[in-house]
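Those sequence lines, one after another, are chains A, B, C, D and E. FYI, in my numbering the residues of the first sequence are 1 to 102. FYI, in my numbering the residues of the second sequence are 1001 to 1210. FYI, in my numbering the residues of the third sequence are 2001 to 2244. FYI, in my numbering the residues of the fourth sequence are 3001 to 3584. FYI, in my numbering the residues of the fifth sequence are 4001 to 4253. Written out below as structure tokens is the structure these notes cover.
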Amino acid sequence: MDAAEVKAHVRVYVLVFSALAVLTIVTVAISYIHLPTPSAIAVAMAVALVKAGLVAAFFMHLASERHIIHWVLILCLAFFAFVMFLPLGTNLGIEPLWPLSR
Amino acid sequence: MSAIDLPYQIEPHPVTGVTSGKLGIWLFLASEVMLFGSLFSSYVLLRVGSGMEFWPSGVEAGLNVPIGTFNTMVLIGSSVTMVMSWASLKMNKLGAFKGYFATTIFLGALFLVVKAFEYSDKFSHGVFPWVGWPEAGDPSTFYALYFTLTGLHALHVLLGILPNLWLLVFGVAMWETDRERFTGRIEIAGLYWHFVDLVWIFLFPVLYLL
Amino acid sequence: MNKLSILVVALLVVLLPVQSGGQAEKPAGTATVTGSVKFEGKKPRIRAIDMSGADAKCSEAHGGKRLKPDTVIINKNGTLRNAFVWVKSGLEGKSFPMPEGDAMLDQKGCTYTPHVQGMRKGQSLAIKTSDPTAHNVHGYAKVNRSFNRSQPAGAGDVSIRMRRDESSPPMKIKCDIHPWMNAYVAVVDHPYYAVTGEDGSFTLANLPAGTYIVEVWHEKYGVMEETITIGDGEAKSIEFTYAG
Amino acid sequence: MRNTRHWGLTMSDSHDELNFWRKYVFSTDHKTIGIQYGITALVFLFFGFSLMMMMRWQLAYPGQAIPIIGALLGDTFVNRGAMLPEFYNQLGAMHGTIMVFMGIVPLAVGAFGNFVVPLQIGAADMAFPRLNMMSYQAFVIGGVIMLLSFLAPGGAASSGWTSYAPLSDIATSGQTWWLIGMIFLIFSSLLGAINFIVTIIHLRAEGMTFFRLPFFVWSQLVTAFLLLLAFPALQAAAVFQLMDRLAGTSFFLPSGLVVGGEASAAVGGGSPLLWQHLFWFLAHPEVYVLILPGMGIVAEVIAINTRKPLWGYRSMVYSLVFLGFMSFCVWAHHMFLTGMGTTMSTFFQITTMIISIPSVIILSCLVISLWGGSIRFPVPMLFALAFLPMFGIGGLTGLPLGLAVPDVYLHDSYYVIGHFHYVVAPGTIFAMFAGIYHWYPKATGRAMNESLGKLHFWLSFIFMNGIFMPMMFEGMAGVSRRLFNPEVYNTGLGAHGLTVISSWSAWCLALSQLPFIYNFFASMRKKERAEENPWQATTLEWATPTPPPHGNFPSPPVVERGPYEYSVPGAASDFSPQAVKQGV
Amino acid sequence: MKDPQYGWWLPPDVSTNGWVVDQLLAIIHWFMLALFVGWGIFIIYCLLRFRAREGHSAVYEPIKAAFSKWLEVGVAVAEGVVLVALAMPAWAAIKNITAEVPENPVIIRAVAEQFKWLFHYSGKDGVFGAIGSEFISTDSPAGVDPDDEAGYDDFWVYGLHIPVDRPVITRLSSKDVIHSFKIPVMRLTQDAIPGLEIAVWYQATDTGKFQVGCAQLCGLGHYEMKADFVIHSPEGYQAWLDEEHAALGFDDE
């Protein structure tokens, strides 16, 4: 990319930075209103995902990156999904067959 | 050392469109995603396994949210200066690059200093990795996870700062001889740095807010 | 750290006799503390151990009979056996002659004999096996270094040197292969300790004159202490009473 | 371009001034690094094997003094020359660790991958030569830490190569060394994996499309992805366990733990199953890391020695990729007996059955490839052919273990040992031997002696089976694994004869390696040089002079056809090399 | 000392569910053998027929392209079918084994520790005393609350005694590390995991004296972690219970 293109990018970087700052404040603010745990997790994770998306897409240039990188990440995310399956394996796996109190 | 001129170190590969270094760092980051993925997955397993009611939120456990927020801002800021320093190189502004890059290193160091203060504050209140969360009356691995995850992240920050420092002080000489290659190196350093930022973006709400 | 402690011990060994002026040969004093450890209240329910399901060789040693554990043994006269009595403080800075030989702990019939014993700091504990089955000697030390050594039938003694005081509580020694087997060894820096026997009494003889804190420890009922001042040639007695 | 200065490790003329250290120790040349990896890994393999021979003594003659060696060991390891159970456990754990992480993986990936892959794809070197050197160094450091751990108080790690928590959490300090060593080994594998992937994607010669890659290169590519994405889980687990052991946390310790009758000092709240999940998330893909390069070598050797193309090359490649992918979602079949519910065990049973399909396809393709060939029987081919039934037994015996009901009986018995050793020992190690005999002329410019090789093969073949076949029966008879003295149980007493057969076979197997060791070193000193392309092979590594110069190819090769173009109708010879040299 | 019941193949089966395991093992192993011998004959045939010799040369495409495709697909489908065919009965078997909840069971706690099994019986009243790791001590190794009256008649022994022809539920737990409860004659293995309690059930069809073992490495004494496994006749079991109760010696208080 040439210098002019880079100049345009710089504007984007500043915008993204402001968005990240705002989102950080939003997520902290939400935590102060004490939502019930499941929705608190959902909101916080959603905000974090948006922020992570912004960083990846613009700072790490994923939005304009080549497909090979996307494929590496897609593969990685598939295995990431497997690894997140792990707590499920433990916690849903164990079903006591009989009531275990005396 | 190696005298062999391997292709695609500077110019992108015609099919993949990236240099070898860039493909390599992305593969490394993929493996880092799996590392932190395993850690997060373990966090979920331990938290669900301990019963939700026994798990403190960061505030309940005595973590300082304003300081955490400040640190988040510091790290996001360093990410921005990092990308700006790369853009400066692209625009052939070496001076601006040096300024931005030095700021990045400074902000990274600031992050570590703040983290160190948070740790020592915890230690002085008798909070160590091996304590549970005594208030709840049930053991939990909250602090163990807090120290392990943030400690591992801090190690990543440190491992980002050191090569960056080298690049700023010694590596910059390459700008005179091989601009393309130096810009490529800064881009790779940047990708790693943004990833470290990205991990913190998840760690912060998970540990401090939830 | 270990080297340091060896150095300190060595220095003490060299320096202390000089300070105490060669008194080491004859008894350090003439005072005597005697007493007994009484037990009042409800006897605990303690089940006899049937070793036959775990290791036939163990139960054969007892003719197939069950064995009452040594944990709480209340003597006929209402006293408590296997309580460890020692002078906890008042003897600091003094040195006493070392006994010759090692402290012995025997594994026989899948129990430890003796169940509770005292030994001197710097002495070695020789753990012997007389059983036709394999044991492991696992010392759960809190002050000394922990050890875990297996000892097959017919093996030689396992010898462990105790480098530090460990008497409150004493070190627990356990055989993990036969989990009911345990013994306690108290490591003391002086010779004034005793274990209560079949009559529940103890004697701490040849004490120098002085003011002492005497402590008694029992594995189930914990510790008690008493302060006593005693002059040369005097004999005083202390009664400890545990409530069940 | 013929270079006769020194076997294998030759640099091009401009590099004559490189000193000894640069040339042999801190080399960045992939061929040198490959040979370094190979020799180090072979040393570790023989060391791991000798640990096993001591264990076999204890199993065959429990309680008797170990001949010769028993007298040399300290009294924390042996009692009057007879092995102590704590030493047996250390040997067991270290045998597994050394064989898997320091023997086979470095040999299969580090040595063969490094030496062969750049040559086969027509590259000048690996994509990141200095990273390559670092990954070898990390491997050596990790290996040395592992070996030194025998000197730690309480000896080396003794909780099995799986290091199940909480046992490993409360084990002696050898376990800490094990974890630190593992972190180095993991680091080494990660660097290596990145290097392989980038090399294979970026540095293929002109015309070398993905479907013109030799199957061996494909197997290395999939293996590298497995290493890259599976190892971090073990890294996370190792960090957790280090914290548990050094910082007193309790990630793997549940509440209410009572050790030796005393309440544990740890606060608890952790989960012992977390370790198993993280460990097997790595270790199942790791099983494929052990076997895939072996399959790759066997495919090469079979294609060359049947003088015809591999049958079903494409479906083999697809199966390989599918196999790699599926290996990430079968891990919990190692954990059927941890009390998981029927839903979960059914899920993992089904994925396990699914994953066996691609391996069966690959094996079937290799076997069907024999049809219609003109089969030669040099030593590498013998090992490759033996691989087929041996890996077959290993794979088939996996069936009863992958189904939850028979697993209820066979779990943690000798049957499991027999099963995975059939995959790894007569399976992968035979493939490794095939590779050594096959590429030895490329690395050294000399051929290995055929008669000694055949002697080595037949003795190894007989004794390998002599070791592991009895184990299947022992497992059926109900003998548990990892028992210091199985005769404590009446099942073990009943099966004692099998143990003795196993043990004697193991010692004889050790003796059978003597012809190999002699052959390996003596052949280097031979005057007579091997031919440039002794097997009349088509792949690129044979299209460059032996030993290959610095930069591998005098001029970049251009690839024209697939990797296995043998006996092409109408061609002048029975093999049509992949490349034509540019400008020739 | 060698018991002729134990040899180089499966030990005797004295359980009601063991035949499922044995039958599956037999089916799978016959299937494996058939597959192995089949492929083995094919390999040997190929090696003989296609060996390199004078006047013989390899064929570039020995199997016709169309047939080759079919064969490829066929191999894949056949393997798939066979494996699913194997998996289904196995799946049904596991469902059947675990789904039935037995009636009138004997309930026994098995507490694993380094390095022995301890079996905790509820005694005359059929009720276990309150259990917790905080109660574990030298005189209460099974972790029974010494102040709970329901636990006064509980007893614990180092051998597993069960009656014949009656389902037995064993509640497995562990004090320290992971152990595995293995009874070869019951065709049963189940891990005992600290922090969890896992129940298994089985039923004996014959009396006799056998062994319980540990199948998961648990430390240096792992090999010694065995216990007697005695299957009594119903009367014999009652007599054993009475004897154990008498041995408590608490009735005279």
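For each residue, glycine too, the CB sits at the ideal point set by N, CA and C. Note that the structure is a prediction, hence the values are computed from the model and not measured.
- Interface residue (Cβ-Cβ distance to chain C less than 8 angstroms): Leu3084/D is classified as such.
- Here the alpha carbons of Pro4167/E and Tyr4202/E stand approximately 6 angstroms from one another.
- In the DSSP assignment, Asn2206/C falls within the beta strand (DSSP E) that extends over 2201–2207.
- Proximity of the stretch 3473–3484 of chain D to the stretch 3021–3034 of chain D falls short of the contact definition, fewer than three beta-carbon pairs being nearer than 8 angstroms.
- For the C-beta of Thr2111/C, not a single chain E residue is nearer than 7 angstroms; the gap to the nearest is close to 12 angstroms.
- Short of 7 angstroms from the beta carbon of Leu4071/E, and not among the five residues preceding or following it, lie these beta carbons of its own chain, in chain order: Ile4063.
- From the beta-carbon of Gly1049/B, the residues of chain D found nearer than 7 angstroms are Ser3271.
- C-alpha of Thr1072/B to C-alpha of Pro38/A: approximately 23 angstroms in a straight line.
- For Glu2040/C, the enclosing beta strand (DSSP E) starts and ends at 2031–2040.
- Excluding the 5 residues flanking it on each side, Pro3232/D has no same chain C-beta neighbour closer than 6 angstroms.
- Contact between the stretch 2190–2197 of chain C and the stretch 2172–2182 of chain C is absent: fewer than 3 CB-CB pairs across the two stretches fall below 8 angstroms.
- Within the same chain, and ignoring the five residues on either side of Gly1024/B in sequence, no residue has its Cβ closer than 6 angstroms to its Cβ.
- For Ala3510/D, the uninterrupted alpha helix (DSSP H) run begins and ends at 3496–3524, by DSSP.
- Out of Pro4184/E, Gly4213/E, Ile4131/E, Gln4023/E, the CA that lies nearest to the CA of Pro4012/E is found in Pro4184/E.
- A contact between stretches requires three or more CB pairs, one per stretch, nearer than 8 angstroms, and the stretch 4014–4023 of chain E meets this requirement with the stretch 4187–4201 of chain E.
- The three-state secondary structure of Asp4125/E, taken from DSSP, is coil.
- Under the Cβ criterion of 8 angstroms, Thr3338/D is not counted among the residues facing chain B.
- Looking at the backbone, the Cα of Lys7/A and that of Ile3194/D are separated by about 33 angstroms.
- Annotation: Tyr3061/D to Trp3507/D spans about 14 angstroms, alpha carbon to alpha carbon.
- Restricted to the stretch 2051–2089 of chain C, the beta strand (DSSP E) segments that are unbroken, complete and at least 3 residues in length are 2084–2089, listed in chain order.
- Residue burial annotation: Gln3276/D is buried, with at least 16 other C-beta atoms found within 10 angstroms of its C-beta.
- Bounds of any alpha helix (DSSP H) do not take in Ile2230/C; it lies within the beta strand (DSSP E) bounded by 2222–2230.
- Non-local beta-carbon contacts of Ala2126/C in its own chain, meaning distances under 6 angstroms to residues more than five positions away in sequence, involve Asp2102, Met2104, Asp2157, Ser2159 in chain order.
- Its chain contains Ala3065, Gly3081 as the residues whose beta carbon lies nearer than 8 angstroms to that of Ala3071/D, once the 5 sequence neighbours on both sides are disregarded; these appear in chain order.
- Taking a contact to require three or more Cβ pairs closer than 8 angstroms, the stretch 3091–3098 of chain D and the stretch 3536–3553 of chain D do not qualify as touching.
- Following the DSSP letters along the chain, one finds Asn2182/C inside the beta strand (DSSP E) bounded by residues 2182–2188.
- A residue is called buried when at least 16 other Cβ atoms come within 10 angstroms of its Cβ; Gln4238/E does not meet this threshold and is exposed.
- Contact between Asp4191/E and Thr3338/D is confirmed by a C-beta separation of about 5 angstroms, below the 8 angstroms threshold.
- Restricted to the stretch 2109–2136 of chain C, the beta strand (DSSP E) segments that are unbroken, complete and at least 3 residues in length are 2111–2113, 2116–2120, 2124–2129, listed in chain order.
- When DSSP states are grouped into helix, strand and coil, Gly4213/E belongs to the strand group.
- With a cut-off of 8 angstroms on Cβ pairs, the stretch 3363–3371 of chain D is not in contact with the stretch 3248–3267 of chain D, counting fewer than three such pairs.
- The contact set of Phe82/A on chain D, defined by CB atoms closer than 7 angstroms, consists of Phe3328, Cys3329 in chain order.
- When secondary structure is reduced to three states using DSSP, Thr4189/E falls in the strand class.
- Per DSSP, Ile4231/E is one residue of the beta strand (DSSP E) stretching across 4227–4232.
- In the structure shown, the three-state DSSP call for Gln2107/C is strand.
- Taking the Cβ atoms as the reference, Ile3429/D lies roughly 18 angstroms from Pro3470/D, outside the contact range of under 8 angstroms.
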